[in-house]
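By the working numbering, the letter at position 54 of the sequence shown is numbered 58, and the numbering carries on one by one without gaps.
Input: a single structure, listed below in structure tokens.
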Amino acid sequence: MIPKSLNLLCLLSLALSLGCSRDDEGRLPTEKVKVKLMYKDKPVEGATVTFMIMPTASQSPPPAYGITDTQGMANLTTYETGDGAVIGKHTVLIVKQEFTNQKDVASQDSAEYNPGMTPPPKTKHLLPQKYSLPTSGLTADIAKGKPLEFTFELKD
Numbered sequence: 005m006i007p008k009s010l011n012l013l014c015l016l017s018l019a020l021s022l023g024c025s026r027d028d029e030g031r032l033p034t035e036k037v038k039v040k041l042m043y044k045d046k047p048v049e050g051a052t053v054t055f056m057i058m059p060t061a062s063q064s065p066p067p068a069y070g071i072t073d074t075q076g077m078a079n080l081t082t083y084e085t086g087d088g089a090v091i092g093k094h095t096v097l098i099v100k101q102e103f104t105n106q107k108d109v110a111s112q113d114s115a116e117y118n119p120g121m122t123p124p125p126k127t128k129h130l131l132p133q134k135y136s137l138p139t140s141g142l143t144a145d146i147a148k149g150k151p152l153e154f155t156f157e158l159k160d
């Protein structure tokens, strides 16, 4: 006969190994999130919006992201299209950039010539760069059972 304490220990171990915060595929629970992005009183098209929870020693939740449409709207995705963001407090990053070639490859006669080296593209931020950093000051709290819509009005 198995002692009751061993049964209890096995049951507790099973419950802890299954965890209460992940589903059967090992995914953290998400809630649907819509984002509206405005800059200079106009909707922003083509911006990437990222919601991220800062990782801890025990967990590193995946970020949620979306790209705004012509109305400045985005549905966030974590695991599957439009599934939203992981429940918790998020830092929000917003980026819209344009990439152009910085300059042509130097000729073989030039002192700047470096075979096989392509110059990196030049990056131009089309929104204030501060919103692309974890110190943006933008946050969002995602709660269980509560689909949400956030509006971010960016300032210079």
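Where is the CB? At the ideal position from N, CA and C, for every residue including glycine.
Top-ranked residue by Cα proximity to residue i, from the options
i       : options                               : result
Thr-60  : Pro-47, Thr-34, Gly-92 and Met-42     : Gly-92
Lys-38  : Asp-160, Arg-31, Thr-82 and Gly-30    : Thr-82
Asn-105 : Ala-51, Leu-158, Glu-153 and Thr-127  : Thr-127
Pro-151 : Lys-36, Gly-30, Ile-71 and Leu-130    : Lys-36
Phe-103 : Lys-44, His-129, Glu-29 and Phe-154   : His-129
Gly-30  : Ser-64, Thr-74, Phe-156 and Ile-146   : Ser-64
Thr-34  : Thr-54, Lys-159 and Gly-86            : Gly-86
Gln-75  : Thr-54, Ser-114, Val-99 and Val-48    : Val-48
Met-56  : Glu-157, Asp-145, Glu-153 and Phe-156 : Asp-145
Val-90  : Asp-113, Tyr-43, Lys-46 and Thr-54    : Thr-54
Glu-153 : Lys-46, Leu-32 and Gly-70             : Gly-70
Glu-84  : Pro-132, Leu-32 and Ala-147           : Leu-32
Residue(s) in a DSSP beta bridge with residue i
i       : result
Glu-35  : Ala-89
Leu-135 : The sequence as given places Tyr at residue 135; Leu does not occur at that position. DSSP lists no partner for Tyr-135.
Val-96  : Phe-55
Ala-78  : Val-39
Glu-102 : Lys-128
Ala-144 : His-94
Beta-carbon spacing of residue i, residue j below 8 Å
i       : j      : result
Leu-97  : Gly-88 : no
Ser-62  : Thr-95 : no
Lys-134 : Met-77 : no
Glu-157 : Met-42 : yes
Burial state of residue i, where buried means 16 or more other Cβ atoms lie within 10 Å
i       : result
Thr-143 : exposed
Thr-72  : buried
Ala-51  : buried
Gly-149 : exposed
Ala-68  : buried
Lys-159 : exposed
Lys-100 : buried
Thr-155 : exposed
beta-carbon residue i near the ligand GDP non-hydrogen atom, thresh 7 Å
i       : result
Gln-133 : As for the ligand GDP, it is missing from this structure, which has no ligand bound.
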